[in-house]
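Protein chains: 2
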Amino acid sequence: MMSPATDHSGGRALVVLSGGQDSTTCLYWALRRFDHVEAVTFDYGQRHRVELAAATRIAADAGVRQHLLPINTFSALGGNALTDVAMAPETGLRADGDSELPNTFVPGRNLIFLTFAAALAWQRQLDHLVVGVAQTDYSGYPDCRAPTLAALQQALTLGLDRAIAVHAPLMQLSKADTVRLAADVGALPALAHSHTCYHGAVPPCGECAACQLRARGFAEAGVEDPLVARCREEAACR
Amino acid sequence: MMSPATDHSGGRALVVLSGGQDSTTCLYWALRRFDHVEAVTFDYGQRHRVELAAATRIAADAGVRQHLLPINTFSALGGNALTDVAMAPETGLRADGDSELPNTFVPGRNLIFLTFAAALAWQRQLDHLVVGVAQTDYSGYPDCRAPTLAALQQALTLGLDRAIAVHAPLMQLSKADTVRLAADVGALPALAHSHTCYHGAVPPCGECAACQLRARGFAEAGVEDPLVARCREEAACR
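Chains as they are written, first to last, in numbering that gives the first Met the number 0: chain A, 0 to 237; chain B, 0 to 237.
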């Protein structure tokens, strides 16, 4: 399930594409491996709409059909109101900006993403799901671990009555290894348009934890971040 | 996982309550079995809003806290548009009425319901999920089968890092057995307010497949349907 090998194996795949570094790398990994690739992007109330724009740009540049699916449930689950019917759940879209937004983190969120992706894959006759989760970076998120994905693969295969393979090619990779994989599969140009900054800034702030983690991975791999290069060329980077 | 036994076992449970006959029976089954019971109802674009009203009435009558969670993803997935970004997905609520509505059936829908329920259970510190699916009635729906729920239980337990038990007390029961179970657990008065009719009619049409299936179950169990009795008393039944 977790092999980062880039050999072509055929088949039809759906990539969960958030517009970030990891899922963009997975998209290009999938393009090398499968005969046909589509992407699904979830509009679930993420902090910054710029992520959605990045995903759409990246899919278009790759020539991949992108499905955009709304999920209004996380904001209802994740807000301070626990969605008691006595309290109107907040379901509207939030404005962009740096102000503190309601927490939309929901435990098991990747299970939901993969299950909706599997339903879409069923409709589109795609047999492989590809997701950019990594055990190394997200050890605090139990829904990103390999045993969880293996159990979910089983539930999806039984529940849809169709063999669904879940691939997490970054599962065992460090951030530096992910950069090396991106280079191997030709994803570096696309990473110039991927979004990482926690503050939603374009160009990225370079100072938040997400920006620093990304910068460290590129530094350790000895590769210049194409996003940094693009910003410099556009004379907009700090 | 599938025991219909009604012995009290303690614990805290969340019932997936649609407002129909089966989930209402499960609510009362859970009230017998667990120390604390809450309910979750999904507003996912079902054909008839009267189902939501039935669920709210039934939860209130049972003295159970009801969580109402919106899911706008099914209508995007299930419509004729396959949510390509080039096509605006229909995500608005549909009007009531008998006109043909867009198909919101999505394969694996019960996997989604249970996964969102598990996320809510995690937040509410509930350890048991109860769902009214039945292998006997829904043999065409692979996400309603016992092996699927067993695999999902494993995925949820791993993905949330918390033991989650999935209970499907109706799994092996015929419709007549479900009526007998409803009588055993004291659910019959509540069934007077449950919704079944495929046409969303109140009083029920009595002629659609859903009404006829329900009627056959009560007839075979030798029990009068409390919904029929209520309609007669209210002099509104055909």
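Glycine included, every Cβ here is placed at the ideal spot set by N, Cα and C.
Mind checking who residue i pairs with in its DSSP beta bridge?
i	result
T40 (chain A)	A:L67
V129 (chain B)	B:V14 and B:H166
H35 (chain B)	B:R11
Is the beta carbon of residue i sitting closer than 8 Å to the one on residue j?
i	j	result
G10 (chain A)	H127 (chain A)	yes
C143 (chain A)	V129 (chain A)	no
T195 (chain B)	L172 (chain B)	no
S17 (chain B)	T40 (chain B)	yes
L151 (chain A)	A154 (chain B)	yes
L119 (chain B)	L13 (chain B)	yes
A116 (chain A)	V15 (chain A)	yes
D21 (chain B)	T177 (chain B)	yes
L148 (chain B)	V105 (chain B)	no
What's the C-alpha gap between residue i and residue j?
i	j	result
P141 (chain A)	L159 (chain B)	6 Å
E219 (chain B)	R48 (chain A)	56 Å
F217 (chain A)	R56 (chain B)	57 Å
R213 (chain A)	H66 (chain A)	27 Å
V201 (chain B)	A175 (chain B)	23 Å
L81 (chain B)	E233 (chain A)	Because the pLDDT of L81 (chain B) is 35, which lies under 50, any placement of that residue in the model is unreliable, and the question is left without a value.
D97 (chain A)	P188 (chain B)	A caution first: D97 (chain A) carries a pLDDT of 35, below 50, which makes its placement in the model too unreliable to give a value.
V63 (chain B)	A38 (chain B)	7 Å
Y197 (chain B)	R108 (chain B)	18 Å
A167 (chain A)	A181 (chain B)	45 Å
P146 (chain A)	E206 (chain B)	48 Å
D83 (chain A)	A54 (chain A)	Low per-residue confidence applies at D83 (chain A): pLDDT is 36, beneath 50, and the placement is therefore not dependable, though the value from the model is reported in the following sentence. Looking at the two C-alpha atoms, the distance is approximately 34 Å.
D95 (chain A)	R46 (chain A)	Residue placement at D95 (chain A) cannot be trusted, given a pLDDT of 36 that sits under 50; the coordinates are not used to answer.
G185 (chain A)	A228 (chain A)	16 Å
I111 (chain B)	C230 (chain B)	34 Å
V222 (chain A)	A191 (chain A)	13 Å
S193 (chain B)	L226 (chain B)	7 Å
C204 (chain B)	R215 (chain B)	15 Å
Q211 (chain A)	R123 (chain A)	38 Å
D224 (chain B)	G44 (chain B)	27 Å
G199 (chain A)	A58 (chain A)	20 Å
R179 (chain A)	A52 (chain A)	25 Å
R32 (chain A)	A208 (chain A)	32 Å
Any C-beta of chain B sitting closer than 8 Å to the C-beta of residue i?
i	result
F115 (chain A)	yes
T24 (chain A)	no
V165 (chain A)	no
L30 (chain A)	no
Q153 (chain A)	yes
I111 (chain A)	yes
L68 (chain A)	yes
T135 (chain A)	no
G18 (chain A)	no
A75 (chain A)	yes
G158 (chain A)	yes
D142 (chain A)	yes
L92 (chain A)	Low confidence applies here, because L92 (chain A) scores a pLDDT of 32, under 50, leaving its location unreliable; read the following figure in that light. Not closer than 8 Å to any Cβ of chain B, the Cβ of L92 (chain A) fails to qualify, so no.
Answer yes or no: does any C-beta atom of chain A fall closer than 8 Å to that of residue i?
i	result
A150 (chain B)	yes
T72 (chain B)	yes
A118 (chain B)	yes
V105 (chain B)	yes
T147 (chain B)	yes
Taking C-alpha atoms, which residue in the options lies nearest to residue i?
i	options	result
V165 (chain B)	B:D6, B:C25 and B:S17	B:C25
S8 (chain A)	A:C230, A:W28 and A:V15	A:W28
T114 (chain B)	B:Q134, B:P225, B:L68 and B:T135	B:L68
D42 (chain A)	B:R31, B:N71 and B:G44	B:N71
D60 (chain B)	B:L30, B:L76 and B:G77	B:L30
W121 (chain B)	B:I163, B:S193 and B:L190	B:I163
L297 (chain A)	A:D6, A:E223, A:G44 and A:R161	Since the first and last residues shown for chain A are 0 and 237, residue 297 (chain A) lies out of range.
T23 (chain A)	A:G44, A:D6 and A:E50	A:E50
D6 (chain B)	B:G77, B:P106, B:L76 and B:D183	B:D183
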